[in-house]
Amino acid sequence: MKEKMERTNKISVSVVLLTIILVIQVLLVLYPLAFTISASFSDSNSLASTSIVPFKHKFSIYQYQRLFKESNYFHWYLNTLIIATSNMFITVFVCSLCGYIFSRFTFPFRKPIMASMIILQMFPSFIGMIATYVILWKLNALNTLWGLVLVYSTGSIPFNSWLMKGYFDTIPHDIAEAAYIDGATPLGAFIKVVVPAAKPQIIFLALTSFTGPWMDFIFPRLVLRTDSKKTLAVGLYEMINGRAADHFTMFAAGALLVAIPFTFLFVLGQKSLLQSLASTGGKE
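Per the UniProt record's numbering, the sequence shown starts with residue 1, numbered consecutively.
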């Protein structure tokens, strides 16, 4: 009986310690978010005047009014949305086709091409940044949105094509062959049969392709010049860089609005995303 009580006491102490640790971790994660939300709804322009205790001050949408009146935030948001959406559609279309071709068809130089795609991913993107800048300059694509879309979509092809190939390898060949028997072409079988079977991975690819350029800073900072062409990352950075300290609460409002597309997309694709991460595709 005594041993049982001692064991119960040890378990209780362990549970209490684990609970304390988890609570501390949750506070460390949620406090910056709560502080940002609180600062964005503050009527004070100075971050120093805001309370370290979130939601202690009077609720106000003044910073959101300043954000859209005193900056080109709407244009930055629209530019970033156009770039991210375009990159998402191009990447999903091209990489899905490439992955399926590499998975199901044999042709000359197939393996060397696949190996070269892997080798390309071994080098950091910074190495080719100057060459990419020169190419965009020659194409008159500097300070343009389509120039960024071109760079993002082409740069994502090697890795994402391999990603899709690996998933297509897990899908049984029988379903496509059954479509061939019914008179479908290879493209028709791909669209009508294989794509629905690969829906979780395609949604995962769409989400990652959208989020990749959404808050990228380095390359837009290098390419874009005029204020109307800037993306969210560049615009928000310059909002608080080298200026008076009365833009930080407005910056908090802009940073909070950045999360809206992420939340919307992940809520819509949560089920398919979990299926993709759990690798629920069929195997031969």
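All C-beta atoms in this analysis are idealised placements derived from N, C-alpha and C, irrespective of residue type, glycine included.
As assigned by DSSP and simplified to three states, the class of S156:
helix
To which residues of the same chain is I189 closer than 7 Å at the C-beta, ignoring the five residues directly before and after it?
Here residue 189 is Ala; the residue named in the question, Ile, does not match the sequence. A176, A179, Y180.
In chain order, each alpha helix (DSSP H) run of at least 4 residues that lies wholly inside the segment 42 to 69
62 to 69
Alpha-carbon to alpha-carbon, T36 and W76:
20 Å
If you run the structure through DSSP and keep just helix, strand and coil, what is R225?
coil
Do three or more CB pairs link the segment 61 to 75 to the segment 248 to 264 at distances below 8 Å?
yes
If you measure between the beta carbons of F87 and V134, is that distance less than 9 Å?
Checking the sequence, you will find Asn at residue 87 rather than Phe. Not a contact, by the Cβ cut-off of 9 Å.
May I have the straight-line CA-CA distance separating C98 from I260, to the nearest angstrom?
31 Å
Please confirm if I191 has its CB atom under 9 Å from at least one CB of chain D.
Structure shown: chain D not included; a single protein chain is present.
May I ask you to report which of helix, strand or coil DSSP gives F183?
The sequence shown places Gly at residue 183, rather than the Phe named in the question. It is coil, neither helix nor strand.
For D169, name the three-state secondary structure that DSSP assigns.
helix
Using only CA atoms, which one of I21, L22, Y152, I52 lies nearest to L33?
Checked all of I21, L22, Y152, I52; the closest Cα to L33 is I52.
In angstroms with no decimal places, state the Cα-to-Cα distance between I20 and S14.
Cα to Cα, I20 sits roughly 10 Å from S14.
DSSP three-state label for D174, please.
helix
What residue does the alpha helix (DSSP H) around G212 start on, and which one ends it?
199 to 214
Taking the alpha carbon of T45 as the point to measure from, which residue in N160, L67, Y31 has its own alpha carbon closest?
Here residue 45 turns out to be Asn, not Thr, going by the sequence shown. Comparing Cα positions, the closest option is L67.
Please go through the same chain and pick out, in chain order, the residues whose beta-carbon is closer than 8 Å to the beta-carbon of Q263, but skip the five residues on each side of it.
Residue identity check: residue 263 is Thr in the sequence provided, not Gln. There are no such residues.
Is DSSP giving I127 helix, strand or coil here?
coil
Please list, in chain order, all residues of the same chain as P158 whose beta carbon is under 6 Å from its beta carbon, the five residues on each side excluded.
M117, L120, Q121
Spatially closest choice to V94 from L17, S209, L265, T226, by CA coordinates:
S209
Where does T231 fall in DSSP's three states?
coil
Specify, as a first and last residue, the run of the alpha helix (DSSP H) that F264 falls within.
The continuous alpha helix (DSSP H) containing F264 extends over residues 248 to 268.
How close, in whole Å, do the beta carbons of M215 and L232 come, if the pair is a contact with beta carbons under 8 Å?
7 Å
Using DSSP with H/G/I as helix, E/B as strand and the rest coil, what is N241?
coil
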